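Undergrad: Sharing a structure below in structure tokens format, with a few things to ask.
Protein chains: 2
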Amino acid sequence: MHPTNRLETAPPARPLRADAARNREALLAAASAEFAAHGADASVADIARRAGIGKGTVFRHFPTKEHLLGAIVLDRLVTISELGEDLLGAGDAGRALLEFLTAACERVQQLDLSFLLAASPAVLAEPAVSAAQERMFGVVGALVARAQEQGAVRADVTGPDVILLMCAPSHAASPLQDSDPGLWRRYLGVLFDGLRPEGAHPLPHPPPAAPVP
Amino acid sequence: MHPTNRLETAPPARPLRADAARNREALLAAASAEFAAHGADASVADIARRAGIGKGTVFRHFPTKEHLLGAIVLDRLVTISELGEDLLGAGDAGRALLEFLTAACERVQQLDLSFLLAASPAVLAEPAVSAAQERMFGVVGALVARAQEQGAVRADVTGPDVILLMCAPSHAASPLQDSDPGLWRRYLGVLFDGLRPEGAHPLPHPPPAAPVP
DNA sequence: AGCTAACCGGACCCGGCGGTCAACTTATTC
DNA sequence: GAATAAGTTGACCGCCGGGTCCGGTTAGCT
Numbered sequence: 002m003h004p005t006n007r008l009e010t011a012p013p014a015r016p017l018r019a020d021a022a023r024n025r026e027a028l029l030a031a032a033s034a035e036f037a038a039h040g041a042d043a044s045v046a047d048i049a050r051r052a053g054i055g056k057g058t059v060f061r062h063f064p065t066k067e068h069l070l071g072a073i074v075l076d077r078l079v080t081i082s083e084l085g086e087d088l089l090g091a092g093d094a095g096r097a098l099l100e101f102l103t104a105a106c107e108r109v110q111q112l113d114l115s116f117l118l119a120a121s122p123a124v125l126a127e128p129a130v131s132a133a134q135e136r137m138f139g140v141v142g143a144l145v146a147r148a149q150e151q152g153a154v155r156a157d158v159t160g161p162d163v164i165l166l167m168c169a170p171s172h173a174a175s176p177l178q179d180s181d182p183g184l185w186r187r188y189l190g191v192l193f194d195g196l197r198p199e200g201a202h203p204l205p206h207p208p209p210a211a212p213v214p
Numbered sequence: 002m003h004p005t006n007r008l009e010t011a012p013p014a015r016p017l018r019a020d021a022a023r024n025r026e027a028l029l030a031a032a033s034a035e036f037a038a039h040g041a042d043a044s045v046a047d048i049a050r051r052a053g054i055g056k057g058t059v060f061r062h063f064p065t066k067e068h069l070l071g072a073i074v075l076d077r078l079v080t081i082s083e084l085g086e087d088l089l090g091a092g093d094a095g096r097a098l099l100e101f102l103t104a105a106c107e108r109v110q111q112l113d114l115s116f117l118l119a120a121s122p123a124v125l126a127e128p129a130v131s132a133a134q135e136r137m138f139g140v141v142g143a144l145v146a147r148a149q150e151q152g153a154v155r156a157d158v159t160g161p162d163v164i165l166l167m168c169a170p171s172h173a174a175s176p177l178q179d180s181d182p183g184l185w186r187r188y189l190g191v192l193f194d195g196l197r198p199e200g201a202h203p204l205p206h207p208p209p210a211a212p213v214p
């Protein structure tokens, strides 16, 4: 086991050396960009090259490529959760939910959120990641519940529904990602209209118990 | 170049030998199942094993794994297009569109339709595939137009919108594919409510010119 | 039955991947 | 300015997947 396979959280026993900290930051930035561009299949060699470091250095900071992915995913989850918690205090809960979904799609950009849910077991096994996932689930559930209390969202959808649906707009728009980067906003609009109570028709299938198996 | 790298269409100059035809059918069935289970990354070796044939035989029928994928995609596109053309004569155009989308999601199941759009260049380069794609685009456009004329679908969405959105339900439900295989119906319901005119809010982004770059 | 061309199959090649390691470099400390 | 622990590196390994090939097999015709 490597000495520095921690995952962002918890201050290290001894602080990193200056150059190591720099490299780690560059590595995370490069990994984020490369995963965004090529999905979870981005190669470690490419990430290292983009970061301007050697391949070996990558594995010094993260024992496995999946752990590196886990760090990125964790960052996204925490960012989104914090944003959602801020919005929980907003007066207009429907607007807050829409704002939350917009920001979530924006942060995640083309890095498909779907692997936040169906991520490989190795990533989800990391306690920090699954904890952050639970946190986000809770936040979304609360936002949805408040929006429903105010009549801004139809009563027959659930938190897990919204979690599963929230990555749909950016995914639907992904074929035109390059030529029309803002298209996901349009499809988030369509989705949100589908979540509204006005003109809602009964849904032909019960909601899932949880967004993960 | 292989002698039999055709792609379903056009009767061969000379008919295939009996065993070759059998193997080809088994190969297509196995490839369909394997692609459905593991996405486009399914390995040729696995496909051959499932079909009960040797790996070399796969490449005798299709010069490349991508051509094999192309054949599957082509089949899906043609099936869906035919179904859509049948439904063009239906009286209730809104119901027809919903039925079409339901059938499309059903046929495609977990085999994500997204690579019908963002498919690798090699697959789309095949004239038969791009022709079938154009055909499906036309059918969807016509179904949407008729539904709009009857006031069953909001006026500010377009054919390309629906094409991009039609794979969203099955994709959103995919994390729970195994535990709840019919969940996509629920999300198709949400999407379709979002496409209805009642309660529609203005969309924050213009529609794309075409669903492919 | 016998002939032939089409067909089959799995051993093989090659490139790219994640991951390892021992030699080298450098930040830090006294 | 040593001394040393921490950090870096890129050559290297094993593995896996797509694609090739040739010796053996078999369907179809006469």
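Residue numbers (the working numbering), protein chains in the order written: chain R, 2 to 214; chain Z, 2 to 214.
Think of the CB as a built atom: it goes at the ideal place given N, C-alpha and C, for glycine as much as any other residue.
What you are looking at is a predicted structure, and each value in this text was computed from that prediction instead of being measured.
Going by beta carbon distance, what residues of the same chain come within less than 8 Å of R/Ala30, once the five residues before and after it are set aside?
TA: Your numbering for residue 30 of chain R matches position 29 in the first sequence. If we look at R/Ala30 and ignore the five residues flanking it on each side, its Cβ neighbours are Ala52.
Undergrad: Less than 8 Å separating the beta-carbons of R/Phe101 and R/Gly85?
TA: Along the first sequence, read from residue 1 onward, the residue named residue 101 of chain R stands at position 100. Along the first sequence, read from residue 1 onward, the residue named residue 85 of chain R stands at position 84. Yes, Cβ-Cβ distance for R/Phe101 and R/Gly85 is below 8 Å.
Undergrad: So if I threshold CB-CB distances at 7 Å, which residues from the region 182-205 of chain Z count as touching chain R?
TA: Gly183, Leu184, Arg186, Arg187, Tyr188, Gly190, Val191, Leu192, Asp194, Gly195, Leu196, Arg197, Glu199, Gly200, Ala201, His202, Leu204, Pro205
Undergrad: How many whole angstroms separate the CB atoms of Z/Leu88 and Z/Phe193, which I take to be in contact at a CB cut-off of 8 Å?
TA: For the purposes of this step, residue 88 of chain Z is identified with residue 87 of the second sequence, where counting begins at 1. For the purposes of this step, residue 193 of chain Z is identified with residue 192 of the second sequence, where counting begins at 1. The C-beta distance from Z/Leu88 to Z/Phe193 rounds to 15 Å, too long to meet the 8 Å contact threshold.
Undergrad: How is the alpha helix (DSSP H) around R/Phe36 delimited, first residue to last?
TA: Mapped onto the first sequence, residue 36 of chain R falls at position 35. Where R/Phe36 is concerned, the enclosing alpha helix (DSSP H) stretches over 19-39.
Undergrad: Counting only beta-carbon separations shorter than 8 Å, does Z/Ala174 have a partner in chain R?
TA: Reading the second sequence from its first residue, position 173 is the one you call residue 174 of chain Z. It does: the Cβ of Z/Ala174 has a partner Cβ on chain R nearer than 8 Å.
Undergrad: Out of R/His206, R/Ala132, R/Glu127, state which residue places its alpha-carbon closest to the alpha-carbon of R/Val158.
TA: Counting from one through the first sequence, the residue named residue 158 of chain R turns up at place 157. Selected option, being the one with the closest Cα: R/His206.
Undergrad: Roughly how many angstroms lie between the CA atoms of Z/Ser82 and Z/Gly160, to the nearest whole one?
TA: Mapped onto the second sequence, residue 82 of chain Z falls at position 81. Mapped onto the second sequence, residue 160 of chain Z falls at position 159. Rounded to whole angstroms, Z/Ser82 to Z/Gly160 spans 14 Å at the Cα level.
Undergrad: Assuming Z/Ala148 and Z/Val140 form a contact by the criterion Cβ under 8 Å, report the distance between their Cβ atoms to the nearest whole angstrom.
TA: The residue labelled residue 148 of chain Z in the question sits at position 147 within the second sequence. The residue labelled residue 140 of chain Z in the question sits at position 139 within the second sequence. Contact doesn't hold; Cβ gap of about 13 Å is too wide.
Undergrad: Could you tell me whether any Cβ in chain R is nearer than 8 Å to the Cβ of Z/Val131?
TA: By 1-based counting over the second sequence, the position of residue 131 of chain Z is 130. In the sequence under discussion, the amino acid at residue 131 of chain Z is Ser, which differs from the Val named in the question. Answer no: the Cβ-Cβ gap between Z/Ser131 and chain R never drops below 8 Å.
Undergrad: To test your reading of the DSSP string, which unbroken alpha helix (DSSP H) runs of 4 or more residues are found completely within the region 135-186 of chain Z?
TA: 160-166, 169-174
Undergrad: For Z/Ala39, count the other beta carbons within 10 Å of its own beta carbon; 16 or more makes it buried, fewer makes it exposed. Which is it?
TA: Numbered from its first residue, the second sequence carries residue 39 of chain Z at position 38. It is His, not Ala, that sits at residue 39 of chain Z in the sequence shown. When all chains shown are included, Z/His39 counts as exposed.
Undergrad: If you measure beta-carbon to beta-carbon, which residues of the region 123-157 of chain Z are closer than 9 Å to chain R?
TA: Arg155
Undergrad: Only counting the same chain, and skipping five residues up and downstream in sequence, which positions put a Cβ closer than 6 Å to that of R/Ala211?
TA: Working through the first sequence from its first residue, we reach residue 211 of chain R at position 210. Result list for R/Ala211: Pro161, in chain order.
Undergrad: Where does R/Ala19 land, buried or exposed, given buried means 16+ other C-beta within 10 angstroms?
TA: As a position in the first sequence, residue 19 of chain R is number 18, starting the count at 1. Classification of R/Ala19: exposed, given that the 10 Å Cβ count is below 16.
Undergrad: With a cut-off of 8 Å, does the C-beta of Z/Arg7 fall near any C-beta of chain R?
TA: The count along the second sequence starts at 1 and reaches residue 7 of chain Z at position 6. Its pLDDT being 40, under 50, Z/Arg7 is placed unreliably in this model, and the coordinates cannot settle the point.
Undergrad: Confirm the yes/no value for this check: CB of Z/Leu204, any heavy atom of the ligand GTP, distance under 7 Å.
TA: Among the ligands in the structure shown, none appear at all, so the ligand GTP cannot be discussed.
Undergrad: Hey, Z/Arg108 and Z/His62 are a contact pair by Cβ (cut 8 Å); roughly how many whole angstroms apart?
TA: Position 107 of the second sequence, counted from the start, is the residue given in the question as residue 108 of chain Z. Position 61 of the second sequence, counted from the start, is the residue given in the question as residue 62 of chain Z. 23 Å between Cβ atoms; not a contact.
Undergrad: Report the residues of the region 66-95 of chain Z with a CB closer than 9 Å to any CB of chain R, ordered along the chain.
TA: none
Undergrad: Could you tell me which of Z/Gln134, Z/Ala22, Z/Gln151, Z/Leu165 sits nearest to Z/Gly92, measuring between CA atoms?
TA: Position 91 of the second sequence, counted from the first residue, corresponds to residue 92 of chain Z. Comparing Cα-Cα distances from Z/Gly92 to each of Z/Gln134, Z/Ala22, Z/Gln151, Z/Leu165, the minimum goes to Z/Gln151.
Undergrad: I'd like to know whether the C-beta atoms of R/Phe36 and R/Leu70 end up nearer to each other than 8 Å.
TA: Within the first sequence, numbered from 1, the residue matching residue 36 of chain R stands at position 35. Within the first sequence, numbered from 1, the residue matching residue 70 of chain R stands at position 69. Closer than 8 Å, so yes.
Undergrad: Going by Cα to Cα distance, which pick from Z/His68, Z/Thr103, Z/Thr58 is closest to Z/Val130?
TA: The residue you call residue 130 of chain Z lines up with position 129 of the second sequence. It is Z/His68.
Undergrad: Could you check where the alpha helix (DSSP H) with Z/Ile81 kicks off and where it finishes?
TA: To locate residue 81 of chain Z, count along the second sequence from 1; it is residue 80. Z/Ile81 -> alpha helix (DSSP H) spans 66-88.
Undergrad: Can a CB atom of chain Z be found closer than 8 Å to the CB of R/Ser180?
TA: If you number the first sequence from 1, residue 180 of chain R lands on position 179. Judged by the 8 Å Cβ criterion, R/Ser180 is in contact with chain Z.
Undergrad: Indicate whether at least one CB of chain Z lies closer than 8 Å to the CB of R/Leu102.
TA: Your numbering for residue 102 of chain R matches position 101 in the first sequence. No, because no Cβ of chain Z sits closer than 8 Å to the Cβ of R/Leu102.
Undergrad: Residues of chain R with CB under 8 Å from Z/Leu28, in chain order?
TA: Position 27 of the second sequence, counted from the first residue, corresponds to residue 28 of chain Z. The premise fails here: Z/Leu28 is roughly 26 Å from chain R at the closest Cβ pair, so nothing lies under 8 Å.
Undergrad: Going straight from the alpha carbon of Z/Asp181 to that of R/Ile164, what length do you get?
TA: Stepping through the second sequence from its first residue, residue 181 of chain Z is reached at position 180. Stepping through the first sequence from its first residue, residue 164 of chain R is reached at position 163. Looking at the two C-alpha atoms, the distance is approximately 16 Å.
Undergrad: Step through the CB atoms of chain R and report whether any lies within less than 8 Å of the CB of Z/Leu165.
TA: Taking the first residue of the second sequence as position 1, residue 165 of chain Z is located at position 164. Closer than 8 Å: yes.
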